[in-house]
Every structure is written in structure tokens, then in C-alpha cells.
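Participant: For reference, the structure I am asking about is given below.
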Ligand code: 3PG
């Protein structure tokens with residue numbers, strides 16, 4: 134039984150060691166394919182894999198076709214928009230994610246990005262503080278909740294909007310629930326995005342929402358680049374020299390953002406949200422355990438395809 138870890142962006146070594154302990158104990162062979170670069174390398178490596186652990190690696194119909202023995206693929210992380218679920222189902226492959234396992238890491242990075250932004254990228258000039266500012270959390274899932282917890286420590290006023298999370302759950306955390314996304318952007322100085330990339334959310338963050346931000350507003354994105362309507366955000370930022378955009382997912386139009394908005398735009402060079410030893414260990418071990426439970430006992434908790 135071969136478990137392939139196919140991660141173009143590798144886990145920390147300490148996480149691999151702990152994943153290996155789980156697969157060894159289950160008499161499974163662990164094979165590593167890290168920084169594989171081209172899809173061809175991935176296609177070759179999946180040929181004899183029974184199970185796979187991936188991150189943002191693209192698992193499309195071609196990869197699934199090449200993975201003749203594959204029974205399960207676990208996305209060690211939250212978002213599974215990189216996996217073709219319909220193709221997986223058609224190939225009889227179970228797809229799972231590991232919800233919550235890397236959410237603290239992503240939430241901490243939100244504040245890393247925000248402090249860097251409000252202190253003017255540490256350029257020596259006077260910036261502002263987060264204390265007392267109104268933070269809007271757009272989608273109150275595992276990451277959103279951690280963002281709220283940390284924001285309390287900064288002394289921020291916290292608001293959230295989530296179409297699917299009951300108001301009581303949000304308010305129990307001492308966070309003000311608002312009734313619409315538009316209202317969230319209107320009443321907050323900073324909005325932090327935590328929506329998944331789905332057919333409904335792709336391109337959904339554009340002019341109509343972001344224009345609601347008050348003067349000096351900041352949009353921070355540690356979710357997905359696909360949720361942003363980049364042309365609309367660019368034209369809005371051209372009209373509104375007070376707005377800033379900071380992201381952990383480099384936009385397709387990165388160079389245009391850099392050229393047009395110096396001092397108002399920052400992107401990490403590579404998505405770093407979940408790139409901590411702790412997140413790698415938590416998500417990696419969860420993925421390995423879910424594979425063992427599925428192969429040995431047929432347990433499909435956390436399955437995301439039908
Ligand atoms: C997730 O969906 O879990 C995060 O975006 C982290 O993605 P990564 O594993 O590619 O860093």
C-alpha cells in the first residue's frame with residue numbers, strides 16, 4: 134500500500150517524520166514527491182499510488198487518469214478547489230480535506246500582513262495601530278474564528294458576516310454579526326477574506342463590495358486569488374487612492390498592482406498562510422490518519438465528494 138505525498142510546496146521535515154510514523158505503524162509505504170515542478174513528474178509518480186496527500190497541487194482528470202490504483206486523495210488543508218471532485222468521483226476516488234488543522238497559521242499571518250501594512254512596510258514613516266480599528270471577518274469558518282480570537286488581543290472591534298454560520302455562533306464569540314457582506318464592508322476599516330473559491334464566490338469580491346470600505350480601508354486576502362475580481366479592484370483603487378490591498382495569494386495581475394499602487398499593495402511571493410511546522414504537522418498527520426482509517430476501516434469522515 135503506497136501513500137504518495139505530492140507537494141510542490143513541501144511540508145517541514147518534522148511534519149514528514151511524523152506522517153511517516155503514522156504510515157509505518159499501518160504498514161504502508163510513504164513516498165515523497167516534493168518540488169516536482171512539472172505535471173509530467175506528478176503524472177509519473179501517481180501511477181502506482183494507492184493514496185495521496187496533497188496541498189494546493191492540481192489534481193485534475195489527467196492526474197486521476199494516470200493514478201490507476203488510487204483510492205483516496207487527502208488535501209492536507211482546508212480548500213479543495215484544486216481537486217476535480219467530479220473526476221475523482223467518476224474514478225471512484227474518495228477526496229477529503231483536513232478542516233481546521235492549519236487555520237491558526239493562516240489567522241496569524243493575517244495579522245503579520247496587517248501590521249506590516251499599517252506600519253507602511255517598515256519604511257521608517259509613522260503608520261497606524263490596529264487597536265480600536267473595526268475588523269470585518271468575511272466568512273466565519275475555522276480561520277475566521279481564529280482571526281476573531283487574535284483580533285481581541287489587538288483590541289480591535291470585530292464584525293463578521295457569514296451566509297451559512299448562525300448569528301448566535303458568531304455573537305457567542307463576542308463578535309458582532311452583520312446581515313450582509315455589503316454592511317460588513319461599510320462598517321469596517323479592514324476586511325479579512327475567508328471565503329472558499331467556489332462557482333458562487335469566484336470574482337465575487339469586486340467594486341460593488343469593496344467600494345463600501347470607508348476612507349483608508351484595507352482588504353486583506355488569505356483565502357484565494359480567484360475570489361477577487363482583479364480588474365474591478367484595480368479600477369477602484371485607481372479612483373480611491375486611500376484603499377490598500379494586501380494578499381497572501383499573488384494576483385494574476387501582480388505586476389499591474391505593483392506598478393499602479395506602490396505603497397498600497399503587497400503580496401507574499403508564495404502563499405505562506407499554512408507554511409508553519411505546526412500547521413504542516415497538524416494537517417499532514419490528520420491526512421495520514423484519515424488515509425489509514427479509510428483504507429483499513431472504510432471511514433470516510435471528512436469526505437468532500439459524493
Ligand atoms: C488551505 O486551503 O488549507 C490553505 O490555503 C493552505 O494551502 P497550502 O497547503 O497550499 O499552503
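Residue numbers (my numbering): 134 to 439. Ideal placement from N, C-alpha and C gives every residue a C-beta, glycine not left out. This one's a predicted model, so the numbers in the text were calculated from it and none came from an experiment.
1) Flag residue 243 as yes when its Cβ comes closer than 8 Å to any non-hydrogen atom of the ligand 3PG, and as no otherwise.
2) Can you give, in chain order, each stretch of the alpha helix (DSSP H) that sits fully within the segment 318 to 384 and has at least 4 residues?
3) What residue range is occupied by the uninterrupted beta strand (DSSP E) comprising residue 230?
4) Across the segment 407 to 425 and the segment 389 to 396, are there enough close Cβ pairs to call them in contact, namely three or more that are closer than 8 Å?
5) To the nearest whole angstrom, what separates the beta carbons of residue 187 and residue 209, a pair I think is in contact under 8 Å?
6) Measure the alpha-carbon distance for residue 221 versus residue 305 and round it to whole angstroms.
7) Kindly indicate which three-state DSSP category residue 399 falls into: helix, strand or coil?
8) Between the segment 339 to 353 and the segment 364 to 380, do at least 3 Cβ pairs fall closer than 8 Å?
9) Given 8 Å as the limit, is there contact between the segment 260 to 277 and the segment 296 to 311, that is, 3 or more CB pairs closer than that?
10) On the premise that residue 323 lies in contact with residue 360, defined as a C-beta separation below 8 Å, what is that separation, rounded to the nearest angstrom?
11) Should residue 429 be labelled buried (16 or more other beta-carbon atoms within 10 Å of its own) or exposed?
12) Can you tell me the Cα-Cα spacing of residue 257 and residue 352, whole angstroms?
13) Here's a check: name, in chain order, each residue in its chain whose Cβ is nearer than 6 Å to the Cβ of residue 436, leaving out the five neighbours to either side.
14) Just checking my contact of residue 234 with residue 385 at CB under 8 Å: how many whole Å lie between their CB atoms?
15) To the nearest angstrom, how far is the alpha carbon of residue 150 from that of residue 156?
Facilitator: A quick look at the data gives this:
1) Numbered from 1 along the chain shown, position 110 holds the residue referred to as residue 243. No - the ligand 3PG has no heavy atom lying nearer than 8 Å to the Cβ of residue 243.
2) Correct list: 340 to 343 and 363 to 372.
3) Residue mapping note: residue 230 aligns to position 97 of the chain shown, counting from 1. In the DSSP assignment, residue 230 falls within the unbroken beta strand (DSSP E) covering 227 to 230.
4) No, the segment 407 to 425 does not touch the segment 389 to 396.
5) Position 54 of the chain shown, counting from 1, holds the residue named residue 187. Position 76 of the chain shown, counting from 1, holds the residue named residue 209. Going by Cβ atoms, the distance from residue 187 to residue 209 rounds to 7 Å, so yes, they are a contact pair.
6) As a first step, residue 221 must be located in the chain shown, where it is residue number 88. As a first step, residue 305 must be located in the chain shown, where it is residue number 172. A direct Cα-to-Cα measurement between residue 221 and residue 305 gives close to 38 Å.
7) Against the chain shown, residue 399 aligns to sequence position 266. Strand.
8) Cβ pair count under 8 Å is three or more, so yes.
9) Taking 8 Å as the limit for Cβ pairs, the verdict is that the segment 296 to 311 does touch the segment 260 to 277.
10) In the chain shown, counting from the first residue as 1, residue 360 sits at position 227. In the chain shown, counting from the first residue as 1, residue 323 sits at position 190. Rounded, the Cβ-Cβ distance is 17 Å, inconsistent with contact.
11) The residue given as residue 429 occupies position 296 in the chain shown. Exposed, by the Cβ-count rule.
12) Reading the chain shown from its first residue, position 124 is the one you call residue 257. Reading the chain shown from its first residue, position 219 is the one you call residue 352. So the two alpha carbons sit approximately 23 Å from each other.
13) By one-based count along the chain shown, residue 436 stands at place 303. Residues 227 and 229 of the same chain have their beta carbon placed closer than 6 Å to that of residue 436, with the five preceding and five following residues left out of the count.
14) Numbered from 1 along the chain shown, position 101 holds the residue referred to as residue 234. Numbered from 1 along the chain shown, position 252 holds the residue referred to as residue 385. Residue 234 to residue 385, Cβ: 28 Å. No contact.
15) The residue you call residue 150 lines up with position 17 of the chain shown. The residue you call residue 156 lines up with position 23 of the chain shown. Inter-residue distance for residue 150 and residue 156 is about 10 Å (C-alpha atoms, whole angstroms).
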